[in-house]
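Below is one structure, written out as structure tokens; the observations come after it.
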Amino acid sequence: MSPTSDRLLRVADGCLVLSHRLSEWMSNGPTMEEDIALGNIALDLLGQARGLLQLVGDEDQLAYFREPQEFCNPLICELPNGDFAFTMLRLLFVSAWLAEVWSTLEGDAAGVAEKAVKENAYHLRHASSWVVRLGDGTEESHDRMLNALDGLWPYRGEIASEQWYARIEPVLTEATLPMPAADAWAQRSSADGWHTEHLGYLLAEMQSLARAHPGATW
Amino acid sequence: MSAHSPLWEVFIRSRNGLHHAHVGSVHAVDAEMAVENARDVYTRRGEGVSIWVVPSTAIVASDPADKDELFEPALTKIYRHPTFYEIPDGVANI
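Structure, rendered in structure tokens:
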């Protein structure tokens, strides 16, 4: 595949996998309002993934019939949701990456990006406000944010850039959370087909219907 | 969480030039969250171009027990309705 397709697939897979993770919150959100918010964001991400997959090839084939090692989403997208703090901090990290991605895509993908950039701006805003609210909230919510930060920081390697750090730092500061070192150890392996053990289970659920009933329509 | 988060009334303006209309309510711990929740719950299908949120406690409501004195008198005053005028031909949008 061409470098352009590689890059599009990486973004598409990131959106698709994170969309699935967020959809797991459906009916489990902390409030009805947040439940719907997470569903909206999941659907935005799914639409973005579809837009890019259609540029790369057959979207159903790509989404439902590839094996885990063929997916090239950043690892951070496939990590289990954890608690709400972890989910929101992960959304902040990924949205900060996508903000940069959507503003730099060219050619056919620019059409997808034009819509996505607005959707993503809202995701970034929603995640930022929750990170600040929880980080600068109660003792428990602050502790949960610290745990989330510990758990997610090693996974920033594939998505972080100078721009990314510049987007994240003011949010963490306002959330009274420490900004960990940019040169701390980081995972970097999804581009080589290495994934966490969690992706296989996610895909098993996401792909089971399409594999049991190929070509099914409703 | 709703036990700790106050209720907000949501008003949406569906198009420029129209007024904000009450559409429902959301729970939220602060004004920012209230606007975001209102956006997520009430504007999913392109319903609006502007959102107002107001703490429900700021709403002063009439007492249902007062309905006779408040509303009953108007029912018999049909002359307040603009239905006795002849509308000239050529007047549109009235």
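Residue numbers (the working numbering), protein chains in the order written: chain Y, 1 to 218; chain Z, 219 to 312. By construction, the Cβ of each residue, glycine as well, lies at the ideal position given by its N, Cα and C atoms.
Min CB distance residue i to chain Y below 8 Å
i: Z/D281; result: no
i: Z/H245; result: yes
i: Z/V180; result: This structure does not reach residue 180 of chain Z, given that chain Z is present from 219 up to 312, and the question cannot be answered.
Cross-chain neighbours of residue i in chain Y, by beta carbon under 8 Å
i: Z/R262; result: I36 and N40
Beta-carbon neighbours of residue i, restricted to chain Z and to distances below 9 Å
i: Y/S103; result: Within 9 Å Cβ-Cβ: nothing; Y/S103 doesn't reach chain Z, min ~23 Å.
Reduced DSSP secondary structure (H/G/I, E/B, other) of residue i
i: Z/G242; result: strand
i: Z/I269; result: strand
i: Y/L46; result: helix
i: Z/R231; result: strand
i: Y/W153; result: helix
i: Z/W226; result: strand
i: Y/Q54; result: helix
i: Y/L16; result: helix
i: Z/P306; result: coil
i: Z/M219; result: Because Z/M219 carries a pLDDT of 47, less than 50, the predicted location of this residue cannot be relied on, and the following value inherits that uncertainty. Looking at Z/M219 - three-state DSSP - the assignment turns out to be coil, as it is neither helix nor strand.
i: Y/S141; result: helix
i: Y/A164; result: Here the sequence assigns Trp to residue 164 of chain Y, which means Ala is not the residue at that position. Three-state DSSP puts Y/W164 in a helix.
i: Z/N311; result: coil
Partner residues on chain Z for residue i, Cβ-Cβ distance less than 8 Å
i: Y/S129; result: E250, M251 and E254
CB contact check: residue i to chain Z, cutoff 8 Å
i: Y/E114; result: no
i: Y/H126; result: yes
i: Y/E70; result: no
i: Y/E33; result: yes
For residue j and residue i, believed in contact at Cβ under 8 Å, the rounded distance
i: Y/I36; j: Z/V259; result: 5 Å
i: Y/A182; j: Y/G82; result: Going by Cβ atoms, the distance from Y/A182 to Y/G82 rounds to 23 Å, so no, they are not a contact pair.
i: Y/L62; j: Y/L53; result: 5 Å
i: Y/F86; j: Y/G151; result: 6 Å
i: Y/V11; j: Y/V94; result: Their Cβ separation, rounded to whole angstroms, is 11 Å, which puts Y/V11 and Y/V94 out of contact at 8 Å.
i: Y/L8; j: Y/A49; result: Actually they do not touch by this definition, with Cβ atoms about 10 Å apart.
i: Z/W226; j: Z/S243; result: 6 Å
i: Y/A127; j: Y/L92; result: 4 Å
i: Y/G135; j: Y/A184; result: In fact, because the Cβ distance is near 19 Å, the residues do not count as touching under 8 Å.
i: Z/A246; j: Z/S274; result: Incorrect: roughly 11 Å between the Cβ atoms, too far for contact.
i: Y/F97; j: Y/I159; result: First, the amino acid is wrong: residue 97 of chain Y is Trp here, not Phe. Confirmed, Cβ separation roughly 4 Å.
Proximal residues of chain Z, C-beta to C-beta of residue i below 7 Å
i: Y/E174; result: Result: empty, since nearest Cβ-Cβ is about 12 Å, beyond 7 Å.
Practice task
Please list the segments of the alpha helix (DSSP H) lying wholly inside the stretch 76-135 of chain Y, counting only runs of 4 or more residues, in order along the chain.
Solution key: 84-102 and 109-135
Problem - Whole runs of the alpha helix (DSSP H) within the stretch 269-297 of chain Z, excluding any shorter than 4 residues - result: Within the stretch 269-297 of chain Z, complete alpha helix (DSSP H) segments of at least 4 residues are found at 285-293, given in chain order.
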